[in-house]
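Worksheet for the structure shown next.
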Amino acid sequence: MKSLREIKIKNIKKTKKVRVTSAMFLDNLIDLNSFSVPDEEFIFKIKADGKDKYISLLMVSGIDIFHYTDNDMESVFQNFARATTSMKCAHKYIFTTSSPYFEQQKNNLLLKRRNITHKYIMRMMARKENEFLEFEENHSDRLAYLLVFSDDISELDDCCKRFKREMIDTNVLFCNEEQTIEFFNKYLCFDTQSEKLHTYTETNDKTLPTEIKFYQNYFKIEDKYITSLVVNDYPANLNDLELAALVSTFADCTITFDVKFRSKQIVIDEIKQSLKELRSRAVIKQDVADDIDTQNEFDKLTAIYNEISSGNEQMVYTTLRFFVTSDSYEELSKRVRDISVELETRGITSFVPINDLKSEYFGMTTDSNTIQTPYPLQDTYKRQYPFYYQSHTDPSGIFFGYTDTHGLNIFNCFYRNDKQGRNSYDLLAVGVKGSGKSVTLKTMLQDQLLLGNKVMVLDIENEYRDMARIFDGQVIRMSRGSTINPLQIRMTVLADAENDDENDGASITKSEAISMNFTLEISRISSFFGQYNPSLSDDELFALRDVLVAVYKEKGITDTTDISSFLPEQFPIFSDLYNYLTNIQKDQTLSEYERSNYKKLETQVKQLSKYGAFGTMFDNYTNVNIDDKNLIVFDVKQISEMETNVYNAQLFNILSLMWAETCKNREHNAFVSPHERRYIVCLLDEAHRFISVKNRQVTKFIETLLRRSRKYDAGLWFASQSILDFLPSSDSAETDVIKTIFQLIQYKIILKQSPDSIQKLHEIFSQFTLSELNNSTNFQAGEMLMSLSAGRNKVHCYKIATDCDLMYIGNAQDRSEIIHKIFNRYYTEMSMKEYGKQLLNDPAIRENFCKVFTNEVLSIFGFEKEDSDYLYTLVANTVISFGQELIDIAKE
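Under this note's numbering, think of the first position of the sequence shown as 8, with each following residue one higher.
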């Protein structure tokens, strides 16, 4: 008698077909037209074989389990066991490779493009749209889902929520109706009919194949040949992560893994029967190897029996299937044969269920645990943790880069989903020098500019000038003559914004907002003084606040004054404050202690006024005007060599202006349609100058801004080289505030790290395992761990910067290397020295080469001169330098 494997490999042959149409599905087999369940967002109803079932679909993200340490891996296994124990409903894991569907993302880009007139941005947006089309055509994502079945809605809901809660290491998300319908379309049509998602309205029409044909040992949807390969036996000892390895190895298959529990007594009875059979086998004459195998199996089963009897073990029953697809019958036969042989090498046997492919297909939507291979939960099952592949897609995101498993990261930092813990838009990026931090942040900011959002940058190293020229931005060069009056009160509290919080039932009136704004601005000015002179005592700062209130009152400004329409000249400057301090000391009723405080303040304020060293910088009405541009760069390179306290005070002054400008965004968004909504990014490099245990007041100021930024559609982005820049080795009240700030920040990006920072990173960002953080010491430039929420939502990914991007966000060396690379790719007929001689001997050839090669480079980038004069200039200058380099080589 032939074995199942022999039948499968040698006898896959065509027989009379049975044609099944969608109409037959609707009548008898699979019906999804009553899909929605009233008052339920994540529970749906499906009819299979005439029976109604409630289902929920969950998407399970992967983790880099293969690179975990033993301790981290053991923790993952244990949590997976707890999650599995909580799953009393029958369920099916589905690992499927499908092309992505980006209709929503493409529509979002089309809406954003409507009002764009900037030629370069228009061309960039067109490229972003083409990226989505290219991905839909050529990319495949390996996705993991959990499909759970029940007859009872409450049981199903409770079961899924418990599973999600227990999967501590892994991000698990409920799929809504739209996502679930998209899943069933890809799953049941085997990625052949995604166009049905936007051409039909009925759920059946969207999700079921237009036509399916069943044969003896395969079925066919459109031109795709499909069969089911069912695993029916495993080796006695299954290696850890064997299932994860199978999912990774056979990425071109749809793999399903049905799982259910049985009652303890039934399990014990079955094990007793198996032990009797093994004991009987032992008395039959066998060769030595068979005797050893029988004894080993008996010993292991005895141990499992004892564990189950004592309550320390449970048995899980499973069925593993591989749905294999090919473009021809011959290729399908070969692929089935190859997979079977590979499984055999792992001690796993499988078969194609001849004449039963119709049931196999219908079982894709139901509990189809037909083989019921037993797994001891603690001993074997939990150690098969199969979630490895990573990808991420936000509904309105654009292409960020690839994950470490080559999945797509479609990211929108302004996507809000409270259920997923995506509550705000702030970000922290940490990476050593050479980690690609600067390029990563610039490409992320470029994405925001393409989407029509506004970006303000505190440019420490004068590295954003080229980017500003490309995007028609404004560069504000801060010098001793650039004045941002620290005493100018700005409106940073708006009643409608502060009231726009679903989680806060309290509301404030406009007059209360004005009063709150006055108080916060007084506090902000005190923080400025704290930057200028960190040694000021609390009593001196209290006295300063009183003096400020008095000086503002002299200008007709109190906590009831609406200053929203005030001109810069209507606010006091430091000369006014200095004069008040000198005059108040003449008051004979002052105590010596009060007089002493005022005298100390007078000394400090004098240096900031026209009578002191820094009057030209601070003692004037604001003369820094922010244009109506989407990219504003504050270039502080010129003042970076000043005394640290003065430099830090001016940086804080700029931060305050950036925040005030951010608050104006609320008014802008009040008069535009939802797709024209504008968001704000404020990037602060060297953020440890603001967030520091040595800078308590400014640190508290930052904490306040982080609690309010979401209300103004803004994200504060911070960057630094090391987490150790923010936190000392010891704990204190100040470190608690900094830890709170890190908790408030939504997105954490961990680029390449130094080994000495790993322990502190793990202490602060516990969502990353030590295994992941230790691995970060070997990251390439642009490689990162990205945490999307406080929990398990994280990806190991890369930020993609094109050669064209690097022409204006990179440095001179980047530009030179790109031109060299392009030249070496296309100019291969002669050596560089020979090309150089031609340029050396004929100036006309040199001029023509520079012109032609510049246009060739632009063409390779996908642009023309008319798209961006400045990009053309950057390329042309680099080509000219390269031409001179060729001439120098020729002269050698």
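Virtual Cβ for every residue (Gly too), placed ideally from N, Cα, C.
Endpoints, the alpha helix (DSSP H) within which residue i is located
i      : result
Tyr600 : 599 to 615
Ala90  : 77 to 92
Gly537 : 517 to 539
Gln357 : In the sequence as displayed, the identity of residue 357 is Ser instead of Gln. Premise fails: Ser357 lies in the beta strand (DSSP E), 356 to 358, not in any alpha helix (DSSP H).
Tyr559 : 545 to 561
Pro850 : 850 to 868
Ala436 : Segment 434 to 437 is the beta strand (DSSP E) holding Ala436; no alpha helix (DSSP H) there.
Ala883 : 876 to 898
Lys213 : 210 to 214
Residue i versus the options, residue with shortest Cα-Cα distance
i      : options                        : result
Arg552 : Ala694, Arg531, Ile483         : Arg531
Asp479 : Gln453, Val500, Thr499, Thr651 : Gln453
Ala475 : Tyr877, Ser778, Asp849         : Tyr877
Glu668 : Thr400, Val500, Ile37          : Val500
Glu943 : Thr776, Arg853, Gln704         : As shown, the chain starts at 8 and ends at 899. That puts residue 943 outside it, with no answer to give.
Asn122 : Ala296, Gly459, Lys365         : Gly459
Phe49  : Met174, Asn114, His74, Gln186  : Gln186
Tyr559 : Leu543, Leu584, Ala550         : Leu584
Asp56  : Ser357, Asp46, Leu39, Asp77    : Leu39
Thr325 : Cys857, Ile101, Thr234, Glu141 : Ile101
Ser929 : Thr623, Leu690, Arg497, Thr516 : The structure shown does not extend to residue 929, since the chain spans only 8 to 899, so no value can be given for it.
Phe156 : Ile53, Phe358, Ser147          : Ile53
Lys283 : Phe725, His74, Asp306          : Asp306
Ser201 : Glu189, Glu209, Arg288         : Glu189
Tyr600 : Asn632, Ser544, Tyr654, Glu648 : Ser544
Arg684 : Glu824, Lys119, Gly817         : Lys119
Asp635 : Gln481, Gln280, Ile175, Tyr61  : Gln481
Bridge partner(s) assigned by DSSP for residue i
i      : result
Cys804 : Thr410, Met791
Cys166 : According to DSSP, which records beta bridges pairwise, Cys166 is partnered with nothing at all.
Val643 : According to DSSP, Val643 bridges with nothing at all.
Ile570 : Paired residue(s): none; Ile570 is not in a bridge.
Phe264 : Tyr100, Leu327
Glu382 : The residue asked about is misnamed: residue 382 is Tyr in this sequence, not Glu. According to DSSP, which records beta bridges pairwise, Tyr382 is partnered with Val323.
Met839 : Answer is none; Met839 lacks a bridge partner.
Arg832 : DSSP lists no partner for Arg832.
Ser105 : Asp148
Thr332 : Ile233
Gly722 : Val688
Thr784 : The partner list for Thr784 (beta bridge, DSSP) is empty, contrary to what the question assumes.
Thr400 : Ile417
Met66  : Tyr152, Leu180
Lys58  : Ala55
Boundaries (first-last residue) of the beta strand (DSSP E) holding residue i
i      : result
Met900 : Outside the shown range of the chain (8 to 899) lies residue 900, about which nothing can therefore be said.
Val688 : 687 to 691
Val462 : 461 to 466
Arg476 : Careful: Arg476 lies outside any beta strand (DSSP E), inside the alpha helix (DSSP H) at 472 to 477.
Beta-carbon proximity check, residue i vs residue j, cutoff 9 angstroms
i      : j      : result
Asn430 : Arg423 : yes
Lys389 : Gln85  : yes
Asn92  : Val266 : In the sequence as presented, Asn is not what sits at residue 92; that position holds Thr. It is not a contact, given that the beta carbons lie outside the stated cut-off.
Tyr194 : Ser105 : yes
Asn630 : Thr747 : no
Asp626 : Leu615 : yes
Ile160 : Val44  : yes
Asp247 : Gln385 : no
Ile752 : Val464 : no
Met498 : Ile580 : no
beta-carbon residue i near the ligand FAD non-hydrogen atom, thresh 8 angstroms
i      : result
Gln820 : Looking at this structure, you won't find the ligand FAD or any other ligand, since it has none at all.
ask   = So, do the segment 323 to 340 and the segment 257 to 264 have three or more beta carbon pairs nearer to each other than 8 angstroms?
value = yes
Q) On the three-pair Cβ rule with 8 angstroms, is the segment 763 to 778 touching the segment 455 to 464? A) no
Touching or not, the segment 781 to 789 and the segment 358 to 375, by the rule of three or more beta carbon pairs under 8 angstroms?
-> no
Closer than 8 angstroms is the cut-off here; do at least three beta carbon pairs connect the segment 123 to 138 with the segment 54 to 67?
no
ask   = So, do the segment 798 to 814 and the segment 173 to 180 have three or more beta carbon pairs nearer to each other than 8 angstroms?
value = yes
ask   = Does the segment 748 to 758 come close enough to the segment 430 to 440 that 3 or more CB-CB pairs lie under 8 angstroms?
value = yes
The segment 725 to 733 / the segment 690 to 700 touching (three or more Cβ pairs under 8 angstroms)
yes
Report yes or no: do the segment 515 to 522 and the segment 670 to 677 share at least 3 C-beta pairs separated by less than 8 angstroms?
no
Q. Does the segment 76 to 84 come close enough to the segment 358 to 369 to have 3 or more Cβ pairs within less than 8 angstroms?
A. no
> Below 8 angstroms, can you find three or more Cβ-Cβ pairs linking the segment 223 to 237 to the segment 349 to 362?
Replying inline: yes
Three Cβ pairs or more, each shorter than 8 angstroms: is that satisfied between the segment 403 to 416 and the segment 804 to 824? yes
Query raised in the report: If we count Cβ pairs, one from each stretch, closer than 8 angstroms, do we get three or more for the segment 395 to 408 versus the segment 109 to 118?
Result: yes
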